[in-house]
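Asker: The sequence shown maps to residues 50 to 416 in our numbering.
For glycine and all other residues, C-beta sits at the position ideal for the given N, C-alpha and C.
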Amino acid sequence: MDKPVELTGLSQPELVSFVETLGERSYRGRQLFAALQHRRLRSFDEITDLPKELRTRLNEAARAATLNVESQYISTDGTRRYLMKTHDGLPVETVFIPEERRDTICFSSQSGCPLQCTFCLTAQLGLLRSLTAGEIVEQIVIALNDAYGAGVKPPRGTNLVAMGAGEPLLNLDALLKALRVMADPQGLHIVPNRVTVSTAGVVPRILDLAKVSDRPHLAISLAAPTDELRNELMPINKRWPLDDLLSACKVFEMSLKPGERLTFEYVMLDGVNDSDVQARQLANLLNRHNIAAKVNLIPHNPADPLPYRPSDEATVDRFKSILESKGIHTYVRKPRGRDIFAACGQLAARQSTLSNLSQITSIGANN
Ligand code: SAH
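This is the structure in structure tokens:
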């Protein structure tokens, strides 16, 4: 028998074509799209407005869901972390961050990550594989269903950030496909303007993304103001050093809409990249490239095997004021979900890191 088709990564027109191959009328495809994306149902048996006979055939030919939630954790600050498995047994992690005026879902673009950033726990997994468009969409569906229930319209807007495991620009096609599916007003209706993709600096793909018309916002992870230090912390810098990266950022910036800005992320590592000199070097680097960006300072989220400590608050504040004195808009990112290892750089899909935490529930297949 042919491999079952994964339906969660298909657009509405693709679902219409798919049902037509089963000899069905096109409106069944639209019905199916609404059921999977708008009502966020995760099994054909729940789509009771489809004839039973069609549901049986769908169960044979296709999959309405492929990710299984293995466990979930809830932080004291309300952040929820999900550990899921793909059908081939690989870990996928997603974090749901409720805020007063919106929810943010931090999703993974790959299982593991091929980049070797020394301050990030995910790096220790290596790359297991890139996720499919359907696996990206499903992470959002699972998080929203857990927060609000299947089919319930979220009370606040949903923002997405591709800041979970993986390097999104090494899986750009699947990512853009997932974003197109999620933007459909008859589905999840999360438009690219609500999405931020974060990259370690895959220069050719930044240039590709600059040409995409309906595209997400872009954030670039810098972590160091000089090539010497960045080579050490983020080995991708040896392939695409700072001058190449910032030149690509400048090209990207020229394609932004009025009022839109690039974001640079800078993880603050105590005694490594947080000195006054380095703050001035960072400001000069951005100003030399004439980029009107904003900088997010992220205090390092510690994890046992990582050889770093977060910069203290006073140091972060001083770093921020030096950047601001040189005209750079700077924000300090508040860590969320540190107690459940859900914060940036702490996703390593290891039950062992979490074994001494209280696990809220263990939910079975197809939640
Ligand atoms: N590969 C992409 C997206 C994933 S990382 C990228 O590099 O941008 C998302 C953000 O978390 C990046 O800015 C990264 O630098 C930051 N980060 C990684 N490990 C961290 C840690 N331990 N503490 C704080 N931020 C971290």
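For R337, write down the residues that DSSP places opposite it in a beta bridge.
Answerer: For the purposes of this step, residue 337 is taken as residue 288 along the sequence shown, with counting starting at 1. BP columns for R337 are empty, so no partner.
Asker: Taking the beta strand (DSSP E) that R130 falls in, what are its first and last residues?
Answerer: In the sequence shown, counting from the first residue as 1, residue 130 sits at position 81. Counting along the chain, the beta strand (DSSP E) containing R130 begins and ends at 129–134.
Asker: For the structure I just gave you, are there three or more beta carbon pairs, one from the segment 53–62 and one from the segment 223–236, closer than 8 angstroms?
Answerer: yes
Asker: Mapping DSSP to helix, strand and coil, what is Q159?
Answerer: Position 110 of the sequence shown, counted from the start, is the residue given in the question as residue 159. Reduced to three states, the DSSP call for Q159 is strand.
Asker: Classify P356: buried if its beta carbon has 16 or more other beta carbons within 10 angstroms, exposed otherwise.
Answerer: Stepping through the sequence shown from its first residue, residue 356 is reached at position 307. Under a 10 Å Cβ-count criterion, P356 is classified as exposed, with fewer than 16 other Cβ atoms of the shown protein chains found around its own Cβ.
Asker: Please report the distance separating the alpha-carbon of L64 from that of A83.
Answerer: For the purposes of this step, residue 64 is identified with residue 15 of the sequence shown, where counting begins at 1. For the purposes of this step, residue 83 is identified with residue 34 of the sequence shown, where counting begins at 1. When rounded, the distance between both Cα atoms is 10 angstroms.
Asker: Apply the 10 Å Cβ neighbour rule to A363 and answer buried if 16 or more other Cβ atoms are within range, or exposed otherwise.
Answerer: Along the sequence shown, read from residue 1 onward, the residue named residue 363 stands at position 314. Classification of A363: exposed, given that the 10 Å Cβ count is below 16.
Asker: Between the segment 103–116 and the segment 256–276, do three or more beta carbon pairs fall short of 8 angstroms?
Answerer: Taking a contact to require three or more Cβ pairs closer than 8 angstroms, the segment 103–116 and the segment 256–276 do not qualify as touching.
Asker: Kindly examine the ligand SAH and report whether one of its heavy atoms sits closer than 7 angstroms to the Cβ of P241.
Answerer: As a first step, residue 241 must be located in the sequence shown, where it is residue number 192. Because no heavy atom of the ligand SAH lies under 7 angstroms away, the Cβ of P241 does not count as near it: no.
Asker: Quick one: give me the first and last residue of the beta strand (DSSP E) that T143 is part of.
Answerer: By 1-based counting over the sequence shown, the position of residue 143 is 94. From DSSP, the beta strand (DSSP E) with T143 extends over 140–147.
Asker: According to DSSP, V246 sits in a beta bridge with which residue or residues?
Answerer: Here the question's residue 246 lines up with position 197 in the sequence shown. Partner(s): A211, L267.
Asker: Are the CB atoms of G215 and S157 nearer to each other than 8 angstroms?
Answerer: Mapped onto the sequence shown, residue 215 falls at position 166. Mapped onto the sequence shown, residue 157 falls at position 108. The Cβ atoms of G215 and S157 sit closer than 8 angstroms to each other.
Asker: Comparing C-alpha positions only, which one of G236, Q327, Y122 sits nearest to E277?
Answerer: By one-based count along the sequence shown, residue 277 stands at place 228. Out of G236, Q327, Y122, Q327 has the C-alpha closest to the C-alpha of E277.
Asker: If you check the beta carbons only, do C162 and V144 fall under 8 angstroms apart?
Answerer: Sequence index remark: in the sequence shown, residue 162 carries index 113 (1-based). Sequence index remark: in the sequence shown, residue 144 carries index 95 (1-based). Going by C-beta atoms, C162 is not nearer than 8 angstroms to V144.
Asker: So, using beta-carbon positions, are I371 and L335 closer together than 8 angstroms?
Answerer: Translated into the one-based positions of the sequence shown, residue 371 becomes position 322. Translated into the one-based positions of the sequence shown, residue 335 becomes position 286. Contact flag unset, no.
Asker: Could you please give the first and the last residue of the uninterrupted beta strand (DSSP E) stretch that includes T379?
Answerer: Start at 1 with the first residue of the sequence shown, and residue 379 comes out as number 330. Per DSSP, T379 belongs to the beta strand (DSSP E) from 378–381.
Asker: The ligand SAH and C166: does the residue's C-beta get closer than 7 angstroms to at least one heavy atom of that ligand?
Answerer: What you label residue 166 is simply residue 117 of the sequence shown in a count that begins at 1. Flag set: Cβ of C166 near the ligand SAH.
Asker: Starting from P253, trace the alpha helix (DSSP H) both ways and give me its first and last residue.
Answerer: As a first step, residue 253 is located in the sequence shown; it is residue number 204 there, counting from the start. Counting along the chain, the alpha helix (DSSP H) containing P253 begins and ends at 252–259.
Asker: Taking DSSP as the reference, what is the three-state secondary structure of S179?
Answerer: The residue you call residue 179 lines up with position 130 of the sequence shown. Residue state, collapsed to three classes: strand.
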